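Take a look at the structure below.
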Amino acid sequence: MHGWQRGGIDYVQARKLFIKAAESNNPVAIYNLGHIYNYGLGIPRDDVQAATWYSKAEDL
1 MHGWQRGGID YVQARKLFIK AAESNNPVAI YNLGHIYNYG LGIPRDDVQA ATWYSKAEDL
């Protein structure tokens, strides 16, 4: 994820980049969005959004 080599992960920036990649149907980015929402990384936890993104990743 964005910034991992510097010791900290910027989940807010990572989410933005994953959304951009998800627009191209990148399954890894779509799965990672599900993970971010599932665990509330950098944002409030959202089970509905997590399930939506995981489902999209599964469909690819």
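Taking full-length UniProt numbering, the leading residue of the sequence shown gets 1, the next gets one more, and so forth.
For glycine and all other residues, C-beta sits at the position ideal for the given N, C-alpha and C.
Note that the structure is a prediction, hence the values are computed from the model and not measured.
Inter-residue CB distance, residue i and residue j (contact presumed, cutoff 8 Å)
i     : j     : result
Gly34 : Arg15 : With 8 Å as the limit, Gly34 and Arg15 do not qualify as a contact, their Cβ atoms being about 11 Å apart.
Asp46 : Tyr37 : 5 Å
Pro27 : Ala57 : 5 Å
Chain-order list of residues whose beta-carbon lies under 6 Å from that of residue i (same chain, five-residue window excluded)
i     : result
Phe18 : Ala29, Asn32 and Leu33
Val12 : Gly42
Ala21 : Ala29
Chain-order list of residues whose beta-carbon lies under 8 Å from that of residue i (same chain, five-residue window excluded)
i     : result
Asn25 : Leu60
Runs of alpha helix (DSSP H) lying entirely within the stretch 16-58, each at least 4 residues, in chain order: Listed in chain order, the complete alpha helix (DSSP H) runs (minimum 4 residues) inside the stretch 16-58 are 27-39.
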